[in-house]
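What follows is a set of notes on a single structure, which appears directly below.
Protein chains: 2
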Amino acid sequence: MIADFGEDRLVAALLARLPVGAGKRGGVIAGAGEDDCALVRPSGAKHWQLLKTDCVIEGVHFAPDTPPEAIGWKALCRPLSDIAASGGKPEFALVTLALPGSAAVEYATGIYAGIGRAAGEFGVEVVGGEKARSPGPWVVSVCLTGRVRRDRAVTRVGGRVGDRLYVTGRLGVSFGSGRHLTFRPRLAEARWLTRNFPVRAMMDLSDGLASDLPRMARASGTGFQIDPGRLPLSEGCTVAQALGDGEDYELLFAVNPRHAAKLERDWNKRWPDVSLTGIGALAAAGIGAGLEAERGFDHFQPR
Amino acid sequence: MIADFGEDRLVAALLARLPVGAGKRGGVIAGAGEDDCALVRPSGAKHWQLLKTDCVIEGVHFAPDTPPEAIGWKALCRPLSDIAASGGKPEFALVTLALPGSAAVEYATGIYAGIGRAAGEFGVEVVGGEKARSPGPWVVSVCLTGRVRRDRAVTRVGGRVGDRLYVTGRLGVSFGSGRHLTFRPRLAEARWLTRNFPVRAMMDLSDGLASDLPRMARASGTGFQIDPGRLPLSEGCTVAQALGDGEDYELLFAVNPRHAAKLERDWNKRWPDVSLTGIGALAAAGIGAGLEAERGFDHFQPR
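In structure tokens, the structure reads:
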């Protein structure tokens, strides 16, 4: 069964069932299973387009007593965090609600109020979606498009040995503190970064540093070294929690060490309220492989 | 609760919670709640873009014993039918699977095999998606982009009093016959139509003619008259079933009566295996309002 199989293997098994060359033909820059967002060039378009879909499910990503506005906020801010990590600007959203016929109308409109608040705040146009009856838990699925200039698009692929690794904000206990319902996607920070510094690889931390950093390093063909003592811990959080909890929605990125001093200086001036922490560096392939033992979050493991 | 509230009212209540002017600002041609697809113009793009999301849910759109390949086929072909109805050509897809950790890996890969077959057949690039653990029924959600030339995009809005109404194929008992799992979206037929005839309004029949035709007429600001005796019934199907069953995935469209004779002649030559039936005409607003009593399918009513 899938819980024993592991998420990354499942993705590989699924992709093997698509047509040969799928996602690799004209117009596809980063395809299925490769990055935070798909990166495509629709025919007739000047900019590259980012595509992302993401869902939150009752009992997994929110509790039955979570206020509906918070659910809506989280449902839209999660894929916004992926658009941010790709250096993009969000454009259009489609929202799917799967909900029981017995659900209260006010609960559904509350979810939309949260989606609407995030849409207004981050400049997203909700242009459609679907309402489906489901016998099961509530599901809110959001599909987002974004745009990015070709020379500013960032994937997980470009990191090089020696690049400094940074994370924004603080890590760990996002569920315990409720931050997973109120976080703000780092859209403005990421756009500032890609405009001003040659960011070589970037992703958002959704599954926890111990799962996500190895993915970025693998995509870049490198390993990594980090100093666990330097991790920016959330209040009351252990190193293991900061590595494994997930749902941080912070940026993890790699920068040429030559730019490190200027980056830190400029960051603190521009974003005085958001911490930036150098946690280590990309290293030769193979180094760092032990970190995955600290992995906490697998989508198919009960937590 | 939502089941008593009705789908169209629910949509209106949800859209009221989005920011004022949402979906109506720069780049949005048809927004939330308006058409089969959202129609947008991403910045820097020459073509218009179609956006559509759609999901199938175990116990609602397929049975627990439905072969997984058929589920995957249906999951991708449903939104393809909406792209067809807008006159578009599909480009990219994102696929979300929400599934229990106890699910068999072969079931998931079977769904992807069906998605892959449809993707290959209709020229879709699957560029990403998400796998989420869910305690509930299987959900397969597909988000699709498509492109359409500005002068060939068709919505529900352009119909005029006197336009002839046509449907492709045969209607009714899609669930009973299994056709809902094997249908082919009318992409090629719709592109041929929009290339060769001034189609004024078009949509795909997913909820049944008795639900869908009033929607198209309302969007066009007209009423309608149909001759129930002329409906193209599926084998062993009653008129009430053809009106109310839903899941036909056929095209319904309106054409200036001047073009009717040539359309019928050319259609039969070009698409000898797909019937085209004139079922009536658009009429003055208000005429036809009684048809909604025949509605069978509401997403929030048990069926």
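Those sequence lines, one after another, are chains A and B. The numbers in this note's numbering rise by one with no breaks, and the one at position 298 of the first sequence is 298. So this note's numbering is basically just the index in the second sequence, starting at one, shifted up by 1000. C-beta atoms are modelled at their ideal positions from N, C-alpha and C, and glycine is treated no differently.
**Prompt:** Within 8 Å (strictly less), CB to CB, does F92 (chain A) reach chain B?
**Reply:** Counting from 1 along the first sequence, the entry for residue 92 (chain A) is found at position 92. For F92 (chain A), at least one C-beta of chain B is nearer than 8 Å to its own C-beta.
**At least 3 beta-carbon pairs within less than 8 Å: the segment 147-159 of chain A vs the segment 43-52 of chain A** = Touching, yes.
**Asked** Are the C-beta of T1053 (chain B) and some C-beta of chain A separated by less than 8 Å?
**Response** Within the second sequence, the letter at position 53 stands for residue 1053 (chain B). At a cut-off of 8 Å between beta-carbon atoms, T1053 (chain B) makes contact with chain A.
**Request:** Rank A:C237, A:V274, A:A242 and A:E106 by C-alpha distance to the C-alpha of L1010 (chain B) and give the top, closest one.
**Result:** As a first step, residue 1010 (chain B) must be located in the second sequence, where it is residue number 10. Cα-wise, what sits closest to L1010 (chain B) is A:E106.
**Prompt:** So Y107 (chain A) is in the alpha helix (DSSP H); what residue range does that whole segment cover?
**Reply:** In the first sequence, residue 107 (chain A) corresponds to position 107, counting from 1. Counted as a single uninterrupted DSSP element, the alpha helix (DSSP H) harbouring Y107 (chain A) occupies residues V105 to F122.
**Request:** Taking D1266 (chain B) as part of the alpha helix (DSSP H), name the residues at either end of that continuous run.
**Result:** Mapped onto the second sequence, residue 1266 (chain B) falls at position 266. DSSP places D1266 (chain B) in the uninterrupted alpha helix (DSSP H) bounded by A1260 to R1270.
**Prompt:** Hey, does A1103 (chain B) have any beta-carbon neighbour from chain A nearer than 8 Å?
**Reply:** For this step, residue 1103 (chain B) is matched to residue 103 along the second sequence. Chain A contact via Cβ: present.
**Request:** Mind listing, in chain order, the continuous alpha helix (DSSP H) runs of no fewer than 4 residues lying wholly within the segment 167-196 of chain A?
**Result:** With a minimum length of 4 residues, the continuous alpha helix (DSSP H) runs that stay inside the segment 167-196 of chain A are 174-177 and 187-196.
**Request:** To the nearest angstrom, report how far apart V126 (chain A) and E1034 (chain B) are at their CA atoms.
**Result:** For the purposes of this step, residue 126 (chain A) is taken as residue 126 along the first sequence, with counting starting at 1. For the purposes of this step, residue 1034 (chain B) is taken as residue 34 along the second sequence, with counting starting at 1. Spanning the two alpha carbons is a distance of roughly 12 Å.
**Message:** Check whether the segment 240-259 of chain A and the segment 165-177 of chain A are in contact - that is, three or more C-beta pairs closer than 8 Å.
**Reply:** Yes: at least three Cβ pairs fall under 8 Å.
**Asked** From which residue to which residue does the alpha helix (DSSP H) around E1069 (chain B) run?
**Response** Your numbering for residue 1069 (chain B) matches position 69 in the second sequence. Unbroken alpha helix (DSSP H) run through E1069 (chain B): P1068 to A1085.
**Prompt:** Does DSSP put S1102 (chain B) in a helix, in a strand, or in coil?
**Reply:** Position 102 of the second sequence, counted from the start, is the residue given in the question as residue 1102 (chain B). Note: S1102 (chain B) maps to coil in three-state DSSP.
**Asked** Which term fits M1 (chain A), buried or exposed, when burial requires 16 or more other beta carbons within 10 angstroms of its beta carbon?
**Response** What you label residue 1 (chain A) is simply residue 1 of the first sequence in a count that begins at 1. Answer is exposed; the Cβ neighbour count stays below 16.
**C-beta neighbour in chain A for V1040 (chain B), strict 8 Å** = As a first step, residue 1040 (chain B) must be located in the second sequence, where it is residue number 40. By this cut-off, V1040 (chain B) is an interface position.
**Message:** Comparing C-alpha positions only, which one of B:P1185, B:G1221, B:V1154 and B:G1208 sits nearest to R1195 (chain B)?
**Reply:** For the purposes of this step, residue 1195 (chain B) is identified with residue 195 of the second sequence, where counting begins at 1. If we check each option's Cα against that of R1195 (chain B), B:V1154 comes out closest.
**Message:** Is L18 (chain A) close to chain B? Criterion is C-beta to C-beta, closer than 8 Å.
**Reply:** The count along the first sequence starts at 1 and reaches residue 18 (chain A) at position 18. Yes, its Cβ sits closer than 8 Å to a Cβ of chain B.
**Prompt:** Does P96 (chain A) get closer than 8 Å to chain B when you measure Cβ to Cβ?
**Reply:** To locate residue 96 (chain A), count along the first sequence from 1; it is residue 96. One point to set straight first is that residue 96 (chain A) is Thr, not Pro, in the sequence displayed. In terms of beta-carbon proximity, T96 (chain A) lines the interface with chain B, with at least one pair separated by less than 8 Å.
**Prompt:** For the candidate residues B:D1273, B:F1197 and B:G1208, whose alpha-carbon lies nearest to that of A1254 (chain B)?
**Reply:** Position 254 of the second sequence holds residue 1254 (chain B). With distances taken between Cα atoms, A1254 (chain B) lies closest to B:F1197.
**Request:** Would you mind telling me which residues of chain B sit closer than 7 Å to V28 (chain A), beta carbon to beta carbon, in chain order?
**Result:** One-based indexing of the first sequence puts residue 28 (chain A) at position 28. Neighbours of V28 (chain A) on chain B, chain order: E1125 and V1127.
**Prompt:** Got a sec? Which residues, its chain only, sit under 8 Å from T1053 (chain B) by beta carbon, not counting five neighbours each side?
**Reply:** Locating residue 1053 (chain B) in the second sequence gives position 53, where the first residue counts as 1. Contacts found: P1079, S1141, V1142, C1143 and L1144.
**Request:** Could you tell me how far apart the beta carbons of T1222 (chain B) and V1161 (chain B) are, in whole angstroms, since I believe they sit closer than 8 Å?
**Result:** Within the second sequence, the letter at position 222 stands for residue 1222 (chain B). Within the second sequence, the letter at position 161 stands for residue 1161 (chain B). The pair is a contact, with the Cβ atoms about 5 Å apart (cut-off 8 Å).
**Prompt:** Alpha carbon to alpha carbon, what distance is there between P135 (chain A) and G101 (chain A)?
**Reply:** The count along the first sequence starts at 1 and reaches residue 101 (chain A) at position 101. The count along the first sequence starts at 1 and reaches residue 135 (chain A) at position 135. Inter-residue distance for G101 (chain A) and P135 (chain A) is about 8 Å (C-alpha atoms, whole angstroms).
**Asked** Looking at the structure shown, is G1146 (chain B) part of a helix, part of a strand, or coil, going by DSSP?
**Response** Residue 1146 (chain B) sits at position 146 when you count from the first residue of the second sequence. Looking at G1146 (chain B) - three-state DSSP - the assignment turns out to be strand.
**Asked** Within 10 angstroms of its Cβ, does E1130 (chain B) collect 16 or more other Cβ (buried), or is it exposed?
**Response** Counting from 1 along the second sequence, the entry for residue 1130 (chain B) is found at position 130. By the 10 Å Cβ count, E1130 (chain B) comes out buried.
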